[in-house]
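Asks:
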Amino acid sequence: MKPYFYLTILCLIVAGLGLVAFCGGMRSVNIGVFVFPLLLALLFWYLSKKK
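Numbering (the numbering used here), first residue to last: 1256 to 1306.
(1) Could you please give the first and the last residue of the uninterrupted alpha helix (DSSP H) stretch that includes residue 1287?
(2) For my contact list, residue 1302 and residue 1259 are in at a C-beta cut-off of 8 Å; report their separation, rounded to the angstrom.
(3) Can you check which of these residues, 1298, 1297, 1293 and 1299, is closest to residue 1271 by C-alpha distance?
(4) Would you report the Cα separation of residue 1269 and residue 1305, rounded to the nearest angstrom?
(5) Which residues bound the alpha helix (DSSP H) around residue 1279?
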């Protein structure tokens, strides 16, 4: 259970950084830099709750 929880937190941090980079406009990035880590965070959260 713990590894999935830590992976969820890590993916949420990466998604937050991606959202800041996307909305901030400092770099030219696409929306996938935010969406993909968020989907992974949801998957890991689901797996941590399932066990």
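Glycine is no exception: its CB is placed at the ideal position from the N, C-alpha and C atoms.
Replies: If we stick to the structure as given:
(1) 1287-1305
(2) 5 Å
(3) 1293
(4) CA-to-CA, the gap between residue 1269 and residue 1305 works out to about 23 Å.
(5) 1257-1279
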